[in-house]
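As you go down the protein sequences, you meet chains A and B in turn.
In terms of this note's numbering, the first sequence opens at residue 1 and continues consecutively.
In terms of this note's numbering, the second sequence opens at residue 1001 and continues consecutively.
Just so you know, even glycine gets a beta-carbon here, dropped at the ideal spot from N, CA and C.
A quick note: this is a predicted structure, and the numbers were derived from the prediction, not measured.
Okay, so here's the structure we're looking at.
Protein chains: 2
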Amino acid sequence: MVSIATTIDYGSASTNLSKRTASCGSCAARPISVCNSISDHDIGRLMAVATDVDVDANRTFIEEGEAAQFFFNITGGTARLFKLLADGRRQVTGFARRGHFLGLAVDDAYTFSAEAIEPVRLCRFPRAKVYALIDDFPTLRRRLLETASNELVVAQEQMLLLGRKTARERLASFLVSQAVPPEVCGGASDRIHLPMSRTDIADYLGLTIETVRRVITKLNHDRLIAPPTTTDVVILDRDTLVLLADGAL
Amino acid sequence: MVSIATTIDYGSASTNLSKRTASCGSCAARPISVCNSISDHDIGRLMAVATDVDVDANRTFIEEGEAAQFFFNITGGTARLFKLLADGRRQVTGFARRGHFLGLAVDDAYTFSAEAIEPVRLCRFPRAKVYALIDDFPTLRRRLLETASNELVVAQEQMLLLGRKTARERLASFLVSQAVPPEVCGGASDRIHLPMSRTDIADYLGLTIETVRRVITKLNHDRLIAPPTTTDVVILDRDTLVLLADGAL
DNA sequence: CGTTATCTTGACGTACATCAAATGTCGTGG
DNA sequence: CCACGACATTTGATGTACGTCAAGATAACG
C-alpha cells in the first residue's frame, strides 16, 4: 500500500540525477531562499561548493536514517517530506518547493525522507563545507535560524491540525495554506495548483484518500470550492474556509 | 471545558510573578541551556539584561497573539506549550522544563501559549536587548540554531504520532519519551514523574482523558507498566514499549 | 489504444469520542 | 486532626466520524 523508497544513487552515470555546477546569478530560488542572505560579492564562495542536481518525479533524494551528507535548496519542482512507521504507515510532514531549504537536522542522520512529486531541481551543498564556510557569514546563520523558527511555527500549527481538527477543518486549512504558492505574486490567488496526489494530501492531513475525496465533494456542494480537477482547485469562498480552518464554524 | 487563560500581569506588586536579578553562576539551567554557549567571562553581558521570574502553577506566562517582548529560559519547574482553536479545543505542542528555551517565533507575536504546570522559575530576556547582543556571540546563534533544529525534529516526530499512531502507540511513545527527564542522570530511569494532568497528556497526544486512562489500564494489564499513581509511572518492559511506539507491534 | 495506477463512490466496521455517574484527591478552614 | 467542597480521575454505556473494504470510473502513459 505504501511504495518502498528506492535506493539512492547519487553517483553513477545511469542515474536520473544529473549534476552540473550551480550558477547563482540566474537561479530562480536565489531571491527567496536562504542564499539571499549572502551578497552577490560573496556568493561565489558558496557557489563553489554547490552542485546542481536534477531529480525525476517519485525519486527519493533524502532517506530517513541515512548519513546526512548534504544540505539541499530546492530551485524548482515540489517534494514531499515524510516519516514512516515500521508497518508502512506514512506521515507527510510537509511539502517543499522552490526556495525551501532542507537538511537542517543536527544529528548525523536525516530524520525524514524526501521524494520528488514532480521533477525537482536541487542545489546541493556538502554539510562539512557549509560548516567550514558559515562562520564567515553571520547573516547566513541568522537566516537559517529564521528559517528554522518559521518551520517550527508551521509544525506547531500542523500539530494542532492533526491532533484536534475535523477532516473538514483539515481540508479547509490545507486549501487555504496552499493558496499563496507564488511568493512573487502579490495578492493571494484563488486558483490552487496541487502537484501532489490524493494519497500525499491524505498522508499530510492524517486522513485516508477516501475521506479526503468525500470532504472535497462536500466542500464543493457547499459552494466553498469549484468542482476540482485532479491537480487544481478553485476557492470560491475564502473567508468561510478560513473560519472553518480556525474551528470557528 | 477548557479553562480560559488569565490575563498576564508582569508588572504589578500584587502579581504572583516576583522579579529579581538573575545570577548565572549558580543557575541550575546554565549547564544544559543555550547560555552555556557563552563563556563565564562574557556571561555577565547576558546576565545584565536578564530578570529572574517566578510563576505560580497554572499561571499563563506566554499568550498566543500577544506581542513577543521576551525570550524565556526555564530554570525550574515544568510548563505546557499549547495552541487553541476558536471553540476551545486545545493542542499541547510540548512540555518545557529546566533548560528549555522559549520564544523563538520570528513574528512579532507569540504563536503559542505557555502555562506553568507546577511552579516555574524563568530567566527572562527582552528580545530587543538579546538581538543587540547576539551579533557579538556567534556561538550563541549557533546554539539557538541547533536548538531550533532539534525542536523541529521533535515536532516532526509528533506529527507522525498525531497523524498516524493508534492511542496505544501514542501512550507508549509518550512514556518512552518522558523516561529520560534528568539530563544529568546517566542511564535512562524507568520511574517516570509526570507533573502534568491527564488532560494535558490527552491534549498532547490528540486524545481524550478517558482514552488515555483506558490505554494506561490496558498497558498495566499487559505488564508493560506498573499500576500508576496520578503523577508517577514505572516502566516494566521498555523494549516492548519502544517497539509499540514505532508501530512494530 | 490497451494497460495500469489513481481516483471515485458506496456499504459496512471500528477506534475513539461523548455522555453520564461514581469515586478519589487535595486544599481550606473549623 | 478532620470535615467539607471543588475538581480531577476513573469506569461504563452509547454514539459517531472516520477507516476499511470492495467495485467501478477516470485519467495517465507508453
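Contact with chain A by residue i, beta-carbon distance below 7 Å
i: LEU1162(B); result: yes
i: VAL1242(B); result: no
i: GLY1099(B); result: no
i: MET1159(B); result: yes
i: ARG1170(B); result: no
i: ALA1155(B); result: yes
i: LEU1224(B); result: no
i: ALA1248(B); result: yes
i: VAL1055(B); result: no
i: VAL1215(B); result: no
i: GLY963(B); result: Because chain B in this structure spans residues 1001 to 1249, residue 963(B) falls outside the shown range and cannot be described.
i: ARG1191(B); result: no
i: LEU1104(B); result: yes
Test: residue i CB closer than 7 Å to a CB of chain B
i: MET47(A); result: no
i: GLN91(A); result: yes
i: ASN150(A); result: yes
i: PHE72(A); result: no
i: ALA68(A); result: no
i: ASP137(A); result: In the sequence as presented, Asp is not what sits at residue 137(A); that position holds Phe. Not closer than 7 Å to any Cβ of chain B, the Cβ of PHE137(A) fails to qualify, so no.
i: LEU85(A); result: yes
i: VAL212(A); result: no
i: LEU133(A); result: no
i: VAL176(A); result: no
i: THR199(A); result: no
i: ALA50(A); result: no
i: ARG141(A); result: yes
i: PHE61(A); result: no
i: GLU115(A); result: no
i: THR111(A); result: yes
i: GLU146(A); result: yes
Sequence-distant residues of its chain with Cβ nearer than 8 Å to residue i (five each side left out)
i: ARG168(A); result: VAL215, LYS218, LEU219, LEU244
i: VAL34(A); result: ASN73, PHE101, LEU140, ARG143, LEU144, THR147
i: ARG97(A); result: ILE74, GLY77, THR78, ALA79, PRO181
i: ARG1238(B); result: VAL1176, ALA1179, ALA1188, ASP1190
i: PHE1070(B); result: GLY1103, ARG1124, PHE1125, PRO1126, ARG1127
For residue i, the residue or residues it bridges with in DSSP
i: PRO1119(B); result: None, per the DSSP bridge assignment.
i: ARG80(A); result: PHE95(A), GLU115(A)
i: HIS1221(B); result: Paired residues: none, contrary to the question.
i: ARG191(A); result: VAL234(A)
i: THR60(A); result: GLU115(A)
i: PHE1072(B); result: LEU1102(B), ARG1124(B)
i: ALA1067(B); result: ALA1109(B)
i: ARG90(A); result: LEU84(A)
Alpha-carbon to alpha-carbon, residue j and residue i
i: ARG1045(B); j: THR1075(B); result: 18 Å
i: PRO1227(B); j: ALA1057(B); result: 27 Å
i: ALA1050(B); j: GLU151(A); result: 27 Å
i: MET1047(B); j: SER1039(B); result: 12 Å
i: ALA1179(B); j: ASP1200(B); result: 17 Å
i: GLN156(A); j: ALA1155(B); result: 7 Å
i: LEU133(A); j: PRO1138(B); result: 13 Å
i: ILE1062(B); j: VAL1055(B); result: 11 Å
i: ILE1117(B); j: CYS24(A); result: 50 Å
i: LEU85(A); j: ALA1068(B); result: 37 Å
i: LYS1165(B); j: HIS1221(B); result: 21 Å
i: VAL233(A); j: PRO195(A); result: 11 Å
i: LEU1236(B); j: ARG1191(B); result: 9 Å
i: ALA114(A); j: HIS1041(B); result: 43 Å
i: ARG1198(B); j: PHE112(A); result: 30 Å
i: PHE1082(B); j: LEU104(A); result: 24 Å
i: ARG1059(B); j: ILE43(A); result: 48 Å
Proximal residues to residue i (C-beta, below 6 Å), its chain only, five neighbours per side dropped
i: GLY1065(B); result: ALA1109
i: THR1211(B); result: ALA1167
i: ALA202(A); result: THR208, ILE209, VAL212
i: GLY206(A); result: LEU162
i: GLY1011(B); result: Only weak support exists for where GLY1011(B) lies, its pLDDT of 37 falling under 50; the coordinates are left without a value.
i: LEU249(A); result: LEU243
Same chain, Cβ closer than 7 Å to residue i, five either side skipped, listed in chain order
i: ASN1036(B); result: ARG1030
i: GLY1247(B); result: LYS1165, GLU1169
i: LEU241(A); result: ALA172, LEU175, VAL176, LEU224, ILE235
i: THR1231(B); result: HIS1193, LEU1194, PRO1195
*Is the number of C-beta pairs between the stretch 1115–1133 of chain B and the stretch 1160–1178 of chain B that are closer than 8 Å three or more?*
no
*Evaluate contact between the stretch 1154–1169 of chain B and the stretch 90–98 of chain A, counting only Cβ atoms and requiring at least three cross-stretch pairs below 8 Å.*
yes
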